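Mapping the sequence shown onto the numbering used here, position 218 (from 1) lands on 360, and the numbers just tick up by one.
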Amino acid sequence: MEYALLFLILVVVLSFIVAARIVVHRLYTHPLAAFPGPKLAASTFLYEFYYDVVRNGLYIWEIERMHKKYGPIVRINPRELHIKDPYFYEEIHAGPSKKRARDPKYAVAFAAPYSLVGTIGHEHHRLRRSFVNNFFSKRSVTNLTPIIHEKVDKLIQRFEIAFENSAVLILQLDFAALTADVITHYCYGWARGYLDNADSSKSNDLVDAVNGLMTMFHINRFFPFLSKVLLAAPPALVRWLQPCMADLFDMKARLRQQAKDSLEKREGKHEAKLKEEEHIFDALTGPGVPDAEKTLDRLEDEGHCSSALGRRLRRELLPFRSFMS
143 MEYALLFLIL
153 VVVLSFIVAA
163 RIVVHRLYTH
173 PLAAFPGPKL
183 AASTFLYEFY
193 YDVVRNGLYI
203 WEIERMHKKY
213 GPIVRINPRE
223 LHIKDPYFYE
233 EIHAGPSKKR
243 ARDPKYAVAF
253 AAPYSLVGTI
263 GHEHHRLRRS
273 FVNNFFSKRS
283 VTNLTPIIHE
293 KVDKLIQRFE
303 IAFENSAVLI
313 LQLDFAALTA
323 DVITHYCYGW
333 ARGYLDNADS
343 SKSNDLVDAV
353 NGLMTMFHIN
363 RFFPFLSKVL
373 LAAPPALVRW
383 LQPCMADLFD
393 MKARLRQQAK
403 DSLEKREGKH
413 EAKLKEEEHI
423 FDALTGPGVP
433 DAEKTLDRLE
443 DEGHCSSALG
453 RRLRRELLPF
463 RSFMS
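This is how it looks when you write it as structure tokens:
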């Protein structure tokens, strides 16, 4: 018993010494030690963790407060600087002549390692992006105009019915239904059907699921192993733990089956080029795509992220634009 107690005390003391050495290094001998910023942020990631995880993504506003106090360049955590200076824009957003890799800390947070957003290396990212350049070209999106008009007409009908009944609409949910139906129709060849469901104006499981994903994004940055656990867990277990994610997992299962069908279709045609790209999986399994990139996990990740990120952006932007108008 005494040896166990001594061992425990020794572990605690050694842990304290190691932690103290790390803090001293970060504050005084680290390459970023000379840059201004809160000492707590420079010495530990707990400062960032509190604002992004506990307070759900509010660190950007804390960084803004730092700039007001410390100037255009601040140290926001032990390994990063944040720069608020328009003259530094060209240096950060460099042209084709400067190659930069994605920060692994952020890439892993999306829990989609085979997608574009999860690709770290510059050349690898450029290769994967080339597969979908034509699919997301201006011409391809312009060809989608009739589909967009069809979905917008359904949304207008919903507005008219609400006006006649003096009902209150939650624009964020209505525009989420619009963007989900448009993007899924374009990316996958089928619409999710939220605009056909009157209840989606009151609640939207997909919105809750995407919001949950954004919360997990912050958590995954600090605990990257959790994303691997989540991906490896049985879908039924995840549905039980996170009921709001059920709709998202149903969609992922459908996309995985569609990706599998696309791979089989390409193999059946002996890699012959199809007349046109009907959906994003056709672009990801085209003749010019290396076999190493034609895996089921790769197609599932890319297909899922292509619509999820677009839905999030448009859903937030459209209500704001409507209010400003």
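For every residue, glycine included, the Cβ atom is placed at its ideal position computed from N, Cα and C. Nothing here was measured: the structure is a model prediction, and the numbers come from that model.
Taking a cut-off of 8 Å for Cβ pairs, the region 287-304 and the region 352-365 do not touch, as fewer than three such pairs fall below it. Taking every protein chain shown into account, the CB of Gly335 has fewer than 16 other CB atoms within 10 angstroms, so this residue is exposed.
Using a 10 angstroms sphere on the CB of Asn219, the tally of other CB atoms reaches 16 or more, which defines it as buried.
Contact annotation: Asp389 and Ala254 have beta-carbon atoms that are not nearer than 8 Å.
Secondary structure of Glu222 (DSSP, three-state): strand. Arg217 is bridged by DSSP to Leu223.
If the five residues before and after Pro366 are omitted, its C-beta is found closer than 7 Å to the C-beta atoms of Val250, all from its own chain and listed in chain order. Taking the Cα positions, Ser239 is about 53 Å away from Ala304. Within the same chain, and ignoring the five residues on either side of Thr326 in sequence, the residues whose Cβ sits closer than 7 Å to its Cβ are Trp332, Ala333, Arg334, Ser449.
The Cβ-Cβ distance between Gly354 and Met387 falls below 8 Å. Per DSSP, the unbroken alpha helix (DSSP H) holding Leu152 starts and ends at 144-166. Around the beta carbon of Ser257, 16 or more other beta carbons lie within 10 angstroms, which makes this residue buried. Cβ-Cβ distances below 8 Å link Thr284 to nothing in the same chain once the five nearest sequence neighbours on each side are left out. Where Ile289 is concerned, the enclosing alpha helix (DSSP H) starts and stops at 287-306. The C-alpha of Val166 is placed about 54 Å away from the C-alpha of Asp424. With a cutoff of 8 Å on beta-carbon distance, Leu182 and Tyr189 are scored as near each other. Proximity of the region 432-446 to the region 374-386 falls short of the contact definition, fewer than three beta-carbon pairs being nearer than 8 Å. Nearest to Leu174 by alpha-carbon distance, out of Glu222, Ala146, Pro180, Val153, is Glu222. Sequence-distant partners of Lys402 (beyond 5 residues in either direction) whose C-beta falls short of 7 Å from its own C-beta, in its chain, are Leu438. Bounds of the alpha helix (DSSP H) holding Arg207 are 201-212. Nearest to Pro246 by alpha-carbon distance, out of His235, Thr261, Tyr328, is Thr261. Distance check between Ile422 and each of Glu144, Tyr145, Arg270, Leu169 places Arg270 closest, using alpha-carbon atoms only.
Per DSSP, the unbroken alpha helix (DSSP H) holding Arg281 starts and ends at 280-284.
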